[in-house]
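Residue numbers (the working numbering), protein chains in the order written: chain A, 112 to 325; chain B, 9 to 391; chain C, 153 to 452.
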């Protein structure tokens, strides 16, 4: 029960990132998704990693919020390229969502127990939303949010693999820690590059920064 | 008795006043502040926090408009009190009593939702900035209605992030003509006798305490700010000189001892010693604050020398040593006659550009110009 | 949830509320208010009858979330602190949990500061992030030192490890750094720039009525929690002669809390443009050294 609530929250938060009309809300939707996944980690006895993810993600998202608002000329008026993306986002985001609901309903009257499959389902849903975001968004910041969602999926899957497949050695936990580190690195590198491009050319859209393309 | 009535009456006992100083309203402001302190009221920092808006002195058209905007932002129950420039202490007390009674009865309702009165949303434009990032520019006027802010001063700033990129400094038009409260009554006469000399000194010390109160409040040291204001009120009341002198010295020692204050004020708002810049403005915010401390009355015996040396020796190495303000020279420095307040207006814009908002407030408070001493045609300075 | 946990949860909420009220009253008393014991009550009454201020196009959802998050984060952080013999949530990673909940305060302040769409709250929100980035690393190292000394992240184990010598005795640097960051976490006193008078009250500048009440209550609760956390982490928890454990915990908490409130009136505000440098250049190496010393001591 707890798992499905968190899973739905994670997926809904992830989908909301590319649907809501304000950058600040998008960040906090992403944060909701990240925290929900951290919650699922707590369910599989990953206490330390789960709490650590909470700690890291809150800090990361806030730094992200500052950067994002800095680059957006008009933060309240929403993400670049999100206008036409809203519908697609629903379509891409909701299959996973629906699956989860279906999962939650079956068998009738009881709650389907938490399994490796359910974790993988959550991870798949989050990954596809993230992939969609990374491919469809033009703003570098929104693109990075897509990447974060994909890594978020990795965290969920890594934690589940550890718990269900190989709980005796720490590989799965290390994988999660690596994923969290990658996320922080992605943020740091991403914003360093963005700041450099923005400073030099006043550009924060990917299409205008494609000069390394072959 | 209904719960709401009971709550209103409880609430009315401790309203949070937002005190607005207008040109030539210093006297009224001092009375209001003293009375509020006597009643144990804590001053509000923002309109949304306040329940009582106290306008001291005559607000001209410009400040009047600003007051109206601020009044819109004060949530109900709320009461507006106007203290005339020449109000007596009794009148101020009565006005505040009436305000409390009115608040207990529910105040003027309907103010809560005035904030969103159909003003169009101004979108921030962009411009070059310190770090080479073309960030959004935000136009933020500081003053004339702001807590712990010199009466009538307006600084129109352009902010990018937390940093001031442009600043225009000017004096809001006064609603009336008058003489600065801090100038002793007979300062134009040349044959000053002993009592006048004392009076000059006393006023000047009180003014320094007033400025210190402001600076310390802005520097986030509420305890010391309150002490400065209480000393100021006692000094102006002329009460118990011996005890007062001792307390002044204790206060000065306490402020000087604060390492954090030194750490925070050192190097803030540096003013070079150019020609035309009065001695007491030179140095940084810390020098000016210590300069104010030097003007405080020191304990008897009458010879002020020990205190001066004491004060001077503590910052021997300071550029533009504010110690020069102290002791025996006090009387020669005719208050306000050095035109420092006008000079400040000229300096301010240059000092503010590039400063963060927190530092900007400190810079203004450390210079604390008294705009009532300006000649009628106050200039606008850009930076 | 068994009965003991339920009782512990209730006593936690009650003691949190009582201590928060006490802190508010003490602060009012030091701030020169008359009848300080009733001052928080009157202030609460004032805020309850006060109307709600609406700014131009606010993001109400974000503001409300942030406002409520503040006391919530304080409460959640408090769940791992042992008030009597055991905490409400006896987590094996209590120290990290405490740290994570305290970081949620960053989120709360930023949400409120951004959401109301007004200059001063926004600047306050920015400032708090700068403050967070300044204090967080030394703070984490201080907590790590404690965990290292006890060999556990469970707060009960930390208390048990102090049976002989309190951690404050042989980790003085970590303790002092913790106290500084405790002020910063609760944006209190010298670390209160995000809500400073020089930005017209900062983050909550546009809050009024019930919103402001919740925000203020959350801030005091936070102050209580950071003070209370110092007791099991550094001051031996409930250890002490004669009195029972809970009483010693209360006495020590009140002492730390009183100290923090007093500092709030006695010390000027610290600006991050100066403090950040100090935190990174002085405090981080100091805490690292402290960690090194502790590591050598506990080396088997």
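Note that the Cβ used here is the ideal one computed from N, Cα and C, for glycine as well. None of the values given here were measured: they were computed from a predicted structure.
Query, Result
"Helix or strand or just coil, what does DSSP make of residue 15 of chain B?", "helix"
"Going by the DSSP bridge assignment, what does residue 172 of chain B pair with across the sheet?", "B:167"
"Cα-Cα, which of C:289, C:300 and C:321 is closest to residue 332 of chain C?", "C:289"
"Throw me the rounded Cβ distance for the residue 269 of chain B and residue 227 of chain B pair, which I believe falls under 8 Å.", "7 Å"
"With a CB to CB cut of under 6 Å and the five nearest residues on each side skipped, what residues in its chain are close to residue 182 of chain C?", "417"
"If you draw a straight line from the C-alpha of residue 190 of chain C to the C-alpha of residue 220 of chain B, how long is it?", "31 Å"
"Give me the Cα-Cα distance between residue 224 of chain A and residue 146 of chain A, rounded to the nearest whole angstrom.", "21 Å"
"Starting from the beta carbon of residue 135 of chain A, find every residue of chain C whose beta carbon is closer than 7 Å, and list them in chain order.", "211, 214 and 266"
"Excluding the 5 residues preceding and the 5 following residue 377 of chain C in the sequence, name in chain order all residues of the same chain whose CB lies nearer than 6 Å to its CB.", "226, 229 and 230"
"Please confirm if residue 289 of chain B has its CB atom under 7 Å from at least one CB of chain C.", "no"
"Rounded to whole angstroms, what's the CA-CA distance from residue 233 of chain B to residue 163 of chain A? Just pull it up for me.", "42 Å"
"Taking beta-carbon pairs under 7 Å, can you tell me which members of the stretch 152-170 of chain A lie near chain C?", "158, 159, 162, 163, 165, 166, 169 and 170"
"With residue 146 of chain A as the anchor, note down where its beta strand (DSSP E) starts and where it stops.", "Run containing residue 146 of chain A: none in the beta strand (DSSP E); it sits in the alpha helix (DSSP H), 134-154."
"How close, in whole Å, do the beta carbons of residue 200 of chain C and residue 362 of chain C come, if the pair is a contact with beta carbons under 8 Å?", "7 Å"
"Rounded to whole angstroms, what's the CA-CA distance from residue 252 of chain A to residue 300 of chain A? Just pull it up for me.", "12 Å"
"Determine the contact status of residue 352 of chain C and residue 278 of chain C, defining contact as a CB-CB distance below 7 Å.", "no"
"Quick one: does residue 120 of chain B have its CB under 7 Å from some CB of chain C?", "In this predicted model, residue 120 of chain B has a pLDDT of only 38, less than 50, meaning its place in the structure is not dependable; the value taken from the coordinates is given anyway. Yes, because at least one Cβ of chain C sits closer than 7 Å to the Cβ of residue 120 of chain B."
"Tell me the rounded alpha-carbon separation between residue 240 of chain B and residue 213 of chain B.", "8 Å"
"Quick check: the Cα distance between residue 155 of chain A and residue 270 of chain A, rounded to an integer number of angstroms?", "8 Å"
"Whole angstroms are fine: how far does the CA of residue 55 of chain B sit from the CA of residue 268 of chain C?", "14 Å"
"Under a Cβ-count criterion, where at least 16 other Cβ atoms within 10 Å of its own Cβ denotes burial, should residue 291 of chain C be classed as buried or exposed?", "buried"
"Do you know offhand how far residue 305 of chain C's Cα is from residue 242 of chain C's?", "11 Å"
"Provide the residue span of the beta strand (DSSP E) that contains residue 91 of chain B, from first to last.", "87-91"
"Can you name the residues of chain C whose CB is closer than 8 Å to the CB of residue 145 of chain A?", "Correct list: empty, because the minimum Cβ distance to chain C is about 12 Å."
"Taking 7 Å as the CB-CB cut-off, is residue 268 of chain B touching chain C?", "yes"
"Among A:275, A:277, A:259 and A:228, which residue has its Cα nearest to the Cα of residue 142 of chain A?", "A:259"
"So is residue 322 of chain C in contact with chain A if we call contact Cβ pairs under 7 Å?", "no"
"State the Cα-Cα distance for the pair residue 249 of chain C and residue 441 of chain C, rounded to the nearest angstrom.", "25 Å"
"Taking 7 Å as the limit between beta carbons, can you name the residues of its chain near residue 13 of chain B, skipping five residues before and five after?", "none"
"If we ignore side chains and look at the alpha-carbon of each, how far apart do residue 237 of chain B and residue 46 of chain B end up?", "12 Å"
"Using 8 Å as the cut-off, can you tell me whether the stretch 335-343 of chain C makes contact with the stretch 302-322 of chain C, which would need three or more C-beta pairs spanning the two stretches below that distance?", "no"
"Enumerate in chain order the residues of its own chain whose CB-to-CB distance from residue 27 of chain B is below 7 Å, with the five nearest sequence positions on each side excluded.", "37, 40, 41, 51, 62 and 64"
"Note down the Cα distance separating residue 304 of chain B from residue 401 of chain C, rounded to an integer number of angstroms.", "46 Å"
"With a threshold of 8 Å, are at least 3 pairs of Cβ atoms found where one atom belongs to the stretch 211-226 of chain C and the other to the stretch 369-385 of chain C?", "yes"
"List the residues of chain B that residue 360 of chain C touches, going by C-beta distances under 8 Å, in chain order.", "56, 57, 83 and 120"
"Helix, strand or coil for residue 250 of chain A per DSSP?", "strand"
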